[in-house]
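Since the structure comes first, as structure tokens, the remarks are kept for the end.
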Amino acid sequence: MSSKTSIEHNYGQQICQPLHIQRLEKALYLESFLAYLTKVLNTPIDEDSDDDFLDGFRPSQNGDRHNLANGLTITKAEKKADKMRLYNFSKVKKSRKWLKNILLSDSSSDEDTDNGTISNEEFQMMLKMHKYQKKHRQLFYRDSELHQYQYYSTGLLSSYDRYYDHQKLILGPKKKISREQKKMEKKMKAKLRKLKEKRALENGDSENGSIDTSILEAYLHPKQSHGKGKQNKKLTPEQADTKRRKIWLSIAKKEIPKAQKQKASARKEMLSTLKKISQQCMKDCRRAALQSQKVMKETPQRAKRITREMQIYWKRFEKVEKEHRKRAEKEAQEQRKMDLELREARRQQRKLNFLITQTELYAHFMARKMTGETEATKERILRQLEEEKSQKHLKVEGGMLVDVEEDDYDSSEMKNLALKNAEQAYNVHQIRKRAFDDEMYTRRTGNSMGYTSDILDSSLANPAISTAVERSQPSIFEGKLKCYQLKVSKSLSISLSLSIFHSLSLSFTLSLSLSLSRIFSPPFSDF
Numbered sequence: 001m002s003s004k005t006s007i008e009h010n011y012g013q014q015i016c017q018p019l020h021i022q023r024l025e026k027a028l029y030l031e032s033f034l035a036y037l038t039k040v041l042n043t044p045i046d047e048d049s050d051d052d053f054l055d056g057f058r059p060s061q062n063g064d065r066h067n068l069a070n071g072l073t074i075t076k077a078e079k080k081a082d083k084m085r086l087y088n089f090s091k092v093k094k095s096r097k098w099l100k101n102i103l104l105s106d107s108s109s110d111e112d113t114d115n116g117t118i119s120n121e122e123f124q125m126m127l128k129m130h131k132y133q134k135k136h137r138q139l140f141y142r143d144s145e146l147h148q149y150q151y152y153s154t155g156l157l158s159s160y161d162r163y164y165d166h167q168k169l170i171l172g173p174k175k176k177i178s179r180e181q182k183k184m185e186k187k188m189k190a191k192l193r194k195l196k197e198k199r200a201l202e203n204g205d206s207e208n209g210s211i212d213t214s215i216l217e218a219y220l221h222p223k224q225s226h227g228k229g230k231q232n233k234k235l236t237p238e239q240a241d242t243k244r245r246k247i248w249l250s251i252a253k254k255e256i257p258k259a260q261k262q263k264a265s266a267r268k269e270m271l272s273t274l275k276k277i278s279q280q281c282m283k284d285c286r287r288a289a290l291q292s293q294k295v296m297k298e299t300p301q302r303a304k305r306i307t308r309e310m311q312i313y314w315k316r317f318e319k320v321e322k323e324h325r326k327r328a329e330k331e332a333q334e335q336r337k338m339d340l341e342l343r344e345a346r347r348q349q350r351k352l353n354f355l356i357t358q359t360e361l362y363a364h365f366m367a368r369k370m371t372g373e374t375e376a377t378k379e380r381i382l383r384q385l386e387e388e389k390s391q392k393h394l395k396v397e398g399g400m401l402v403d404v405e406e407d408d409y410d411s412s413e414m415k416n417l418a419l420k421n422a423e424q425a426y427n428v429h430q431i432r433k434r435a436f437d438d439e440m441y442t443r444r445t446g447n448s449m450g451y452t453s454d455i456l457d458s459s460l461a462n463p464a465i466s467t468a469v470e471r472s473q474p475s476i477f478e479g480k481l482k483c484y485q486l487k488v489s490k491s492l493s494i495s496l497s498l499s500i501f502h503s504l505s506l507s508f509t510l511s512l513s514l515s516l517s518r519i520f521s522p523p524f525s526d527f
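full-length UniProt numbering numbers the first residue of the sequence shown as 1 and each following residue consecutively.
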């Protein structure tokens, strides 16, 4: 539909194509070029025309001074100037002068005969060069010091030569050379210069014979022209004065203002650079002064802050240390108090055990004839005095408290002491018993028969126990018995007389031991 509508509205005329399509077709339009080629190919070739055509491109006989470039004759100076524009030689020093000479030298391509084929020698040389490049490329990447030569030749092709800046960056600042070393280097350079001059003199005969004609013409041509002018032109004094006046006027009008402007511009530039340097120095001095003032201002504040922080830290540290010390002392005091209470309770327990063991031993000694108890009973009674040794440990912050106070309690010694006291009491009782028996025997033999008849008339079934007679306090007993105790002693004496002591011996010994426990005053009261 669109094509139909376009045909309907153009009224039979073709529409112009877009600009980009027109430009593309124009760029691809080769009919004029093809027509020119056909014309060149169809023209006959003549030897004379070829020679005339090639004569314009052949170098002239004076080829030392002029060369052809695009059909134009160019001098060596112009060619050198053209090459100087292509490269950046602003920072070239002695180390890269050889590269500059190579780039500015005349390279003739007439000797190069490239037939499209490579000989075996050229191929071997190419392989050697490839290996050589590969080897030195590896050395370059391996050795970091060789990175200083990164912009050695490429810096000459750019507008800014980065070789020396990069070399300083890699190697760092140069070390200062001493004066003696400089003198030695100067001497060595002078010696080398003398040797070169000697070699030049020795080998200079053949070289001096062949002098370049261009150099001779450059030296001789201005002299010859100057000599011809002198011979041909002889000025009169008026002409010389006018010429001199013109020269002075030209100097006064052109050269002096020009020199003055150059001098003024140089002075202005120097003053501007000095002003910039002075401003920069002033900024640096001011920056250093401000920095020193800032440091001096901050130093007391920093010192005060540090002292304040140290005081706070040491106060906190002393407080914490004091709390730890107080807690440890309190725990140690409580532990000491507990140890004292435990030691006192243990001492009381040992004292009670000793008294009970002593009483049981005494009862054992009193009743062993009647009951027939053996030594095993005595060992069992004495075993009550044994104790297990144990140390009291208490964990506190920062360590452990141990009750290391020596306990001088010796169970074997206590056993021996209890046994000794019981045997001593038993022996004393036996002695008193014998004395009492002897006294009673004497009384029996010395008294009247009435007392014996009363004893004989009495029987076990109807014992004659007279309680009406009061007895006096016993003389052998160190103390005072009460009324009921006197009655008990009276009944005991009657029972002894009737030979019934064996039935009451155990109860008598127990009651006697309990009543006589106050009488014993053992030297081992402090355990």
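Using N, Cα and C, we set each Cβ at its ideal position, and we do this for glycine too.
Spatial neighbours of residue i within its chain, please: C-beta separation below 6 Å, excluding the five flanking residues on both sides.
{"i": "residue 161", "result": "88, 91 and 155"}
Indicate the three-state DSSP secondary structure (helix, strand or coil) for residue i in the structure shown.
{"i": "residue 236", "result": "coil"}
{"i": "residue 74", "result": "strand"}
{"i": "residue 18", "result": "coil"}
{"i": "residue 307", "result": "helix"}
{"i": "residue 89", "result": "coil"}
{"i": "residue 456", "result": "Confidence at residue 456 is low in this model, with a pLDDT of 44, below 50, so its placement is unreliable and no value can be given for it."}
{"i": "residue 300", "result": "helix"}
{"i": "residue 154", "result": "helix"}
{"i": "residue 477", "result": "coil"}
{"i": "residue 43", "result": "coil"}
{"i": "residue 257", "result": "helix"}
{"i": "residue 28", "result": "coil"}
{"i": "residue 161", "result": "coil"}
{"i": "residue 409", "result": "coil"}
{"i": "residue 172", "result": "coil"}
{"i": "residue 386", "result": "coil"}
{"i": "residue 105", "result": "coil"}
{"i": "residue 359", "result": "helix"}
{"i": "residue 534", "result": "Absent from the model: residue 534. The displayed extent of the chain is 1 to 527, so no value can be given."}
{"i": "residue 242", "result": "helix"}
{"i": "residue 482", "result": "coil"}
{"i": "residue 143", "result": "coil"}
{"i": "residue 312", "result": "helix"}
{"i": "residue 118", "result": "coil"}
{"i": "residue 292", "result": "helix"}
Taking 7 Å as the limit between beta carbons, can you name the residues of its chain near residue i, skipping five residues before and five after?
{"i": "residue 171", "result": "148"}
{"i": "residue 528", "result": "Absent from the structure is residue 528, since the part of the chain shown begins at 1 and ends at 527."}
{"i": "residue 415", "result": "382 and 385"}
{"i": "residue 98", "result": "none"}
{"i": "residue 299", "result": "none"}
{"i": "residue 216", "result": "Its pLDDT being 41, under 50, residue 216 is placed unreliably in this model, and the value from its coordinates should be taken loosely. Excluding sequence neighbours, residue 216 sits near nothing in its chain."}
{"i": "residue 220", "result": "The predicted position of residue 220 is uncertain, since its pLDDT is 43 and thus under 50; no value can be drawn from it."}
Pick out whichever of the options has its Cα sitting closest to the Cα of residue i.
{"i": "residue 419", "options": "167, 358, 32 and 247", "result": "358"}
{"i": "residue 151", "options": "268, 163, 297 and 158", "result": "163"}
{"i": "residue 83", "options": "99, 305, 94 and 104", "result": "104"}
{"i": "residue 158", "options": "85, 93 and 135", "result": "85"}
{"i": "residue 153", "options": "343, 34, 166 and 142", "result": "166"}
{"i": "residue 144", "options": "337, 169, 480 and 291", "result": "169"}
{"i": "residue 426", "options": "475, 295, 366 and 490", "result": "366"}
{"i": "residue 354", "options": "421, 200 and 338", "result": "421"}
{"i": "residue 387", "options": "135, 16, 408 and 377", "result": "408"}
Skipping 5 residues on each side, what residues in its chain have a beta carbon closer than 8 Å to that of residue i?
{"i": "residue 481", "result": "473, 474 and 489"}
{"i": "residue 124", "result": "none"}
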